[in-house]
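A.B. asks: What follows is a structure written as structure tokens; I'll ask about it next.
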Amino acid sequence: MNDLFDGLGQALRLLVTLDADLIEITGLSLRVSLGATVVASAIGLPLGAWIAVNRFRLRRTVIALLNALMGLPPVVVGLVVYVILSRSGPLGVLGLLFTPSAMVIAQVIIVTPIIASIAHQTIRDLWADYHDLLISLHATRRQRIVTLVWDARRGLLTAGLAGFGRAIGEVGAIMVVGGNIEHATRALTTAIALETGKGDFAMALALGFVLIALAIAVNLALHMLSGTERSSRW
Amino acid sequence: MTPKSILTTLAALWLASAAAAEELKMAVTTSFANSGLAEILLPVIERDTGITVQLLVVGTGQALKLGEAGDVDAVLVHARAAEDAFVAAGHATHRREIMYNDFIVVGPSDDAAGAGAATTAAASFAAIAGAGAGAAFVSRGDDSGTHKAELAIWQAAGITPGGDWYKSVGQGMGAALNTAAGMNAYILADRASWLNFANKGDLALIFEGDAALFNQYAYLPVNPAHHPHVKAEAAQALEAWLTSDTAKALIEGYRIAGQQLFTFNAVAN
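Shown next as structure tokens:
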């Protein structure tokens, strides 16, 4: 119990003094997770929409697969990306292993199925409402997807935030492909694992509190920017 | 974001990371990193040689694997047999001894198994095993240098460890110490990690000082003939620095709680 209060105190101290190392690892966590969320959204949102409005033979299989991939074990994803990016692996010439880019790649793989699945569900519900209207307007397939994505933007924001939430709290994959190198690939979660290993639970908890605060701050900021839940509208 | 712009972004990120020259990746063992010595050495290395050393903190087994795959430029580990095999297989150009520290047996402060009364490390281990259910032992179990040293001592004691009292956790030094503290169990640790460890609980130093607990660190530069991309020149400059008088003064001057942790024993070329 004492460790918890020490952790809270330590977190406050780090934040008030604007600790340089804390800012560095927090910045990396944000950069990697936001980057991964943006890339995964660019893939997952259109993919979810496409599956929602198209009927094809393997549709059910694809949806089931996508849902199953939401539970991908990060450490396995990390290991696969690691083996591929390793100097002795197929993409070794890129020299990406143990760089922030490798961390982004691993997180994109973890987050894309989550964003695609939630996007598919959201858009499918909306498609049921819009189906007759869009068909009667002779909207092309592309126009249908654009309309649905735009009108479902609130739900899609939730999809993106769910993806971001998974990315920012993830440690297994980025530990393996990033290597937790100080001043290079150390993020909040890997730093927490390190401090726990050192037996410094207060510092580990302090970083944990910073991580939770960061996740809340990003969510609040995005909701404000996108103007959801304004008093004049439901 | 279009797929094309994603590719451009990734390419830019890659170029940015490739452009920063004189960065050297070195795989080191958790026990070295946990000792805190790296934080003393790395800034001075950067000042003297211009090389930014990026440390990958892993067990000896994984460190050598990283060197074999060419994912790091050099390796600093402590497991003689594995190192010799590594050099023999041509993964490193040579092996250079840098310094040593020692292992200690840590255990519950009341030492119910009587491991502290032993005169050798092997006898100390035998006492722990002899106590059966009365004493638990936490093993790193991760193929690290410390794990290999532990197994060598069991072998010297003529005991094949196993059973309920022997807990193989498969984790780094810190995590294994956490487990030992939680279970109030015996564990073999390097002195540096132990002194730096914050969550000691009821654990205390039980046995130390046997020659079998000697822990030699060696530097292995990855062979550029196998992996042309490794920074062989930087690795050579780092080796020269690690074996210099500057390094000697810093390594031998490093103290935790008034105790000297490492003894420099590199031989000049």
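Here the protein sequences line up with chains A and B, keeping their order. Counted from 1, the first sequence has number 78 at position 78 by the numbering used here; the numbering is strictly sequential. Counted from 1, the second sequence has number 41 at position 41 by the numbering used here; the numbering is strictly sequential. We put the CB at the ideal spot given by N, CA and C, even for glycine. Every value quoted in this text rests on a predicted model; they were computed, and no experiment measured them.
For A113/B and D202/B, I'd like the C-alpha separation in whole angstroms.
C.D. replies: 15 Å
A.B. asks: Quick one: does V57/B have its CB under 9 Å from some CB of chain D?
C.D. replies: Although the question refers to chain D, the structure presented lacks it and instead comprises the protein chains A and B.
A.B. asks: What does a CB cutoff of less than 6 Å around G178/A pick up in its chain, not counting 5 residues either side in sequence?
C.D. replies: M103 and T185
A.B. asks: Could you run through the region 208-227 of chain A and flag, in chain order, every residue whose CB is less than 9 Å away from some CB of chain B?
C.D. replies: From the region 208-227 of chain A, no residue has a Cβ closer than 9 Å to chain B.
A.B. asks: Compile a chain-ordered list of the residues in the region 108-119 of chain A whose CB is closer than 7 Å to at least one CB of chain B.
C.D. replies: Taking 7 Å as the Cβ-Cβ cut-off against chain B, none of the residues of the region 108-119 of chain A qualify.
A.B. asks: Compare the C-beta of G50/B with all C-beta atoms of chain A and state if any pair is closer than 9 Å.
C.D. replies: No, its Cβ sits nowhere closer than 9 Å to a Cβ of chain A.
A.B. asks: Taking a Cβ distance cut-off of 7 Å, strictly less, list which residues of the region 67-89 of chain A are near chain B, in chain order.
C.D. replies: Result list: S86, R87 and S88.
A.B. asks: Based on the DSSP secondary-structure assignment, which residues constitute the bridge partners of R255/B?
C.D. replies: Answer is Q260/B.
A.B. asks: Using a Cβ-Cβ distance cut-off of 9 Å, determine whether I181/A contacts chain B.
C.D. replies: yes
A.B. asks: Assign G92/A to buried or exposed, taking buried as 16 or more other Cβ atoms, counted over all protein chains shown, within 10 Å of its Cβ.
C.D. replies: buried
A.B. asks: Taking 9 Å as the threshold (beta carbon to beta carbon), is T30/B in contact with chain A?
C.D. replies: yes
A.B. asks: Starting from the beta carbon of G197/A, find every residue of chain B whose beta carbon is closer than 7 Å, and list them in chain order.
C.D. replies: G172, G174 and A175
A.B. asks: Which chain B residues are close to A184/A, counting only those with a beta carbon under 7 Å from its beta carbon?
C.D. replies: Q54
A.B. asks: Using a beta-carbon distance below 9 Å, is E22/B in contact with chain A?
C.D. replies: no
A.B. asks: In angstroms with no decimal places, state the Cα-to-Cα distance between N199/B and I104/B.
C.D. replies: Cα to Cα, the separation comes out at about 17 Å.
A.B. asks: Roughly how many angstroms separate the alpha carbons of V44/B and A237/B, rounded to a whole number?
C.D. replies: 13 Å
A.B. asks: For the alpha helix (DSSP H) that Q107/A lies in, which residues bound it at each end?
C.D. replies: P100 to S136
A.B. asks: Helix or strand or just coil, what does DSSP make of P228/B?
C.D. replies: coil
A.B. asks: Taking the runs of the beta strand (DSSP E) that are 3 residues or longer, which of them lie wholly in the region 76-139 of chain B?
C.D. replies: 96-108 and 137-139
A.B. asks: I believe R144/A touches L134/A by the beta-carbon criterion, under 8 Å. Please report the beta-carbon distance rounded to the nearest angstrom.
C.D. replies: Indeed, because the Cβ distance is near 5 Å, the residues count as touching under 8 Å.
A.B. asks: Ordered along the chain, which non-local residues of its own chain (more than five positions away) have a Cβ less than 7 Å from that of L156/A?
C.D. replies: Within the same chain, L45, A119, T122 and V149 come within 7 Å of L156/A by CB-CB distance, once the 5 residues on both sides are set aside.
A.B. asks: How would you write the range of the beta strand (DSSP E) that M26/B sits in, first residue to last?
C.D. replies: E23 to T29
A.B. asks: Please report whether the beta-carbon of K167/B lies at a distance below 9 Å from any beta-carbon of chain A.
C.D. replies: no
A.B. asks: When the distance is taken between beta carbons, is L85/A closer than 9 Å to I110/A?
C.D. replies: no
A.B. asks: Under 9 Å between C-beta atoms, does G114/B make it to chain A?
C.D. replies: No - not a single Cβ of chain A is within 9 Å of the one on G114/B.
A.B. asks: Using a 10 Å radius around the Cβ and a threshold of 16 neighbouring Cβ atoms, would you call D111/B buried or exposed?
C.D. replies: buried
A.B. asks: Could you give the first and the last residue of the continuous alpha helix (DSSP H) run that contains D142/B?
C.D. replies: Element bounds for D142/B: n/a, residue is neither H nor E.
A.B. asks: Nearest to E239/B by CA position, among L250/B, H147/B and A266/B, is which residue?
C.D. replies: Among L250/B, H147/B and A266/B, the Cα nearest to that of E239/B is on A266/B.
A.B. asks: Quick test of your reading: K148/B and A82/B, contact by CB under 8 Å. State the CB separation rounded to the nearest angstrom.
C.D. replies: About 7 Å; that satisfies the 8 Å criterion.
A.B. asks: Identify whether Q216/B lies in helix, strand or coil by the three-state DSSP scheme.
C.D. replies: Here Q216/B sits in strand by DSSP.
A.B. asks: Can you have a look at E46/B and say buried or exposed, based on whether 16 or more other CB atoms are within 10 angstroms of its CB?
C.D. replies: exposed
A.B. asks: Between F201/A and chain B, is the shortest Cβ-Cβ distance under 9 Å, so that the two count as touching?
C.D. replies: yes
A.B. asks: Which residues in the same chain have their Cβ closer than 6 Å to the Cβ of K25/B, if we skip the five residues on either side of it in sequence?
C.D. replies: Counting only Cβ-Cβ distances below 6 Å, and skipping sequence neighbours, we find Q54, V72 and D73.
A.B. asks: For L45/A, which of helix, strand or coil comes out of DSSP?
C.D. replies: helix
A.B. asks: Measure how close the beta-carbons of A206/A and D3/A come, nearest whole angstrom, since I'm counting them as under 8 Å.
C.D. replies: The pair is not a contact, with the Cβ atoms about 10 Å apart (cut-off 8 Å).
A.B. asks: Check this for me: beta carbons of G160/A and I115/A, under 9 Å apart or not?
C.D. replies: yes
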